[in-house]
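Peer 1:
2 protein chains.
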Amino acid sequence: MTQLDDQALIHIAKYFQALAEPMRLKILNGLRDGEKNVTELVEISRGTQANVSKHLNLLRESKLIKRESRGTKAYYSIADQRTFDLCNLVCGQIASQMSLEVAANEAFIVTLQANQ
Amino acid sequence: MTQLDDQALIHIAKYFQALAEPMRLKILNGLRDGEKNVTELVEISRGTQANVSKHLNLLRESKLIKRESRGTKAYYSIADQRTFDLCNLVCGQIASQMSLEVAANEAFIVTLQANQ
DNA sequence: ATAATACATGATTATATAGTTATATTAAAA
DNA sequence: TTTTAATATAACTATATAATCATGTATTAT
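Quick mapping for you: the protein sequence lines, in order, are chains A and B. Residue numbers for the first sequence follow our numbering, beginning at 1 and rising by one. Residue numbers for the second sequence follow our numbering, beginning at 1001 and rising by one.
As structure tokens, this is what we get:
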């Protein structure tokens, strides 16, 4: 393994790390059907404003979502189609009221984008 | 969101968490071409025996790999084809000496299995 | 039986991060 | 221009976990 390879591993690990948090998955799930502002995401996720804001920032740094400021509101959305697919497929499982038993036996295909 | 959904989110987050560690990705990469024992994986990963052993246990608990004890050795391998695909595709990017710049612009499809 | 090899695990430390509370910033409205 | 609403962030606490070191356990060989 070269050092560059180690860097790549760290890079990919961080990408997975961004997805390795229930609240962030819930937020991504909330963005499946289009952009939402922070207040809306706070309601959907049932988290506190401060905590949601932090998770949004982390997801943005991981290039999973993007931010657009309009007036006093900040609208977040899935960064690109690949990430949308990721969100749609991973979180779609949950959204469809699938039970854990069923989920355990289902495979879902995920399109991942290695973030810059 | 129901409580069951929250449980599913936790479940999926843990799956990603298992992948969110460079040393574990390195180990999975080392298993791409078939089973290996702990000593071999220690050499491949350039980690300590204790640390590799712990990561192996975590990967096993996450159902990503399986263990078979033969004699005094413990052979680990990718748990099933889906996980193999995951490993092959995610880690294959690294193994193929791909640079970070290139990796950033490549998409790779990952077949995930929600672990039990 | 004893030694050697292979692997696992307990104890400890250091670090990262999720969540909370309080406060700061920024833009629109009154 | 003061207020209000929306969002971000700093400080702090608690928890999780990666790494290390030392030791335990189990299997084979002598």
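Backbone N, C-alpha and C fix where the C-beta goes; we use that ideal spot for every residue, glycine too.
(1) Residues in the same chain with beta-carbon distance under 7 Å from K1018/B, minus the five sequence neighbours each way, listed in chain order, please.
(2) Cβ of I1078/B within 8 Å of Cβ of V1052/B?
(3) Among the residues of its own chain, which have a CB less than 7 Å from the CB of K1073/B, if the five just before and after it don't count?
(4) What does the Cβ neighbour count give for D1033/B, buried or exposed, with the cut at 16 atoms within 10 Å?
(5) Measure the CB-CB distance between I1010/B and G1030/B and report whether it falls below 8 Å.
(6) According to DSSP, which residues form a beta bridge with R67/A?
(7) For Q1081/B, tell me which candidate among I1012/B, K1066/B, V1042/B, Y1075/B has the shortest Cα-Cα distance.
(8) Using a Cβ-Cβ distance cut-off of 8 Å, determine whether A20/A contacts chain B.
(9) Tell me where the alpha helix (DSSP H) around L19/A begins and ends.
(10) Name the DSSP bridge partner or partners of N37/A?
(11) Does I1094/B have its Cβ less than 8 Å from a Cβ in chain A?
(12) So that I know if they touch, is there some Cβ in chain A lying closer than 8 Å to that of D1033/B?
(13) Given that Q17/A touches chain B, what residues does it touch there, using C-beta distances under 7 Å?
(14) For L9/A, go through chain B and note every residue whose CB falls closer than 7 Å to its CB, in chain order.
(15) For L31/A, which three-state DSSP category applies?
(16) For Y75/A versus E21/A, is the C-beta spacing smaller than 8 Å?
(17) Count the other C-beta atoms from every protein chain shown that fall within 10 angstroms of the C-beta of Q93/A, then say buried if there are 16 or more, exposed otherwise.
Peer 2: Taking the definition as stated:
(1) Here residue 1018/B refers to the residue found at position 18 of the second sequence. One detail in the question is off: residue 1018/B reads as Ala in this sequence, not Lys. For A1018/B, where only same-chain residues beyond five positions count, the Cβ hits under 7 Å are R1024, L1058, L1059, S1062, L1064.
(2) The residue you call residue 1078/B lines up with position 78 of the second sequence. The residue you call residue 1052/B lines up with position 52 of the second sequence. No, the pair does not count as a contact, with Cβ atoms beyond the cut-off.
(3) Taking the first residue of the second sequence as 1, we reach residue 1073/B at position 73. Once the five neighbours on either side are set aside, the close Cβ partners of K1073/B are N1037.
(4) Reading the second sequence from its first residue, position 33 is the one you call residue 1033/B. The Cβ neighbour count for D1033/B, taken over all protein chains shown within 10 Å, is under 16; the residue is labelled exposed.
(5) Taking the second sequence and counting its residues from 1, the one referred to as residue 1010/B is at position 10. Taking the second sequence and counting its residues from 1, the one referred to as residue 1030/B is at position 30. Result no, Cβ atoms of I1010/B and G1030/B do not sit closer than 8 Å.
(6) Along the first sequence, one-based indexing puts residue 67/A at 67. According to DSSP, R67/A bridges with Y76/A.
(7) As a first step, residue 1081/B must be located in the second sequence, where it is residue number 81. With distances taken between Cα atoms, Q1081/B lies closest to K1066/B.
(8) Translated into the one-based positions of the first sequence, residue 20/A becomes position 20. By this cut-off, A20/A is an interface position.
(9) For the purposes of this step, residue 19/A is identified with residue 19 of the first sequence, where counting begins at 1. Segment 3-19, the alpha helix (DSSP H) holding L19/A.
(10) For the purposes of this step, residue 37/A is taken as residue 37 along the first sequence, with counting starting at 1. BP columns for N37/A point to Y75/A.
(11) Taking the first residue of the second sequence as 1, we reach residue 1094/B at position 94. Its pLDDT being 45, under 50, I1094/B is placed unreliably in this model, and the value from its coordinates should be taken loosely. Judged by the 8 Å Cβ criterion, I1094/B is in contact with chain A.
(12) On the second sequence, position 33 is the one that residue 1033/B refers to. Output row for D1033/B: interface = no.
(13) Position 17 of the first sequence, counted from the first residue, corresponds to residue 17/A. Result: A1020.
(14) Taking the first sequence and counting its residues from 1, the one referred to as residue 9/A is at position 9. Per Cβ cutoff of 7 Å: P1022, L1025, K1026, I1094.
(15) Reading the first sequence from its first residue, position 31 is the one you call residue 31/A. In the structure shown, L31/A sits in coil (DSSP, three-state: anything other than H, G, I, E or B).
(16) Position 75 of the first sequence, counting from 1, holds the residue named residue 75/A. Position 21 of the first sequence, counting from 1, holds the residue named residue 21/A. It is not a contact, given that the beta carbons lie outside the stated cut-off.
(17) Counting from 1 along the first sequence, the entry for residue 93/A is found at position 93. Reliability of the predicted coordinates at Q93/A is poor, the pLDDT of 45 falling under 50, and no value is obtained from them.
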